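Heads up, the thing below is written out as structure tokens.
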Amino acid sequence: MPEGPDMPAQPVPISEVPCRDAIGAAASARLVERCIQVSPATRPPCNAANPCDLIQGEIDRSCKLWERDGDPPAACKP
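So the sequence shown is numbered by this note's numbering: it starts at 1 and just counts up by one.
Take a look at the structure:
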């Protein structure tokens, strides 16, 4: 869920709309940064032009891998 000190938590919309358009520039930037921090992929979908559900899916997938293999990054912890 994109959130920060300046906004309440909000669910990530499932759509084909760019994340930036769906939840705004600030929230999508936080989601993208979290994705970049946790993804081991060489070309992850961590881009605000992608749908939010795709970005969140990469975060979820990556965190499951980290949790399975050992010490997950702080961005994987609630």
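Backbone N, C-alpha and C define an ideal beta-carbon position, used for all residues, glycine too. Given the structure is predicted, the values throughout are model-derived calculations rather than measurements.
Supposed contact pair residue j and residue i - C-beta distance, whole angstroms, cut 8 Å
i	j	result
S28	A48	4 Å
S15	P51	6 Å
R34	A75	5 Å
Residue i versus residue j: straight-line alpha-carbon distance, rounded
i	j	result
G70	L31	23 Å
V38	I59	6 Å
A41	L65	11 Å
A22	D53	11 Å
K77	C46	18 Å
A25	P18	10 Å
I36	R68	19 Å
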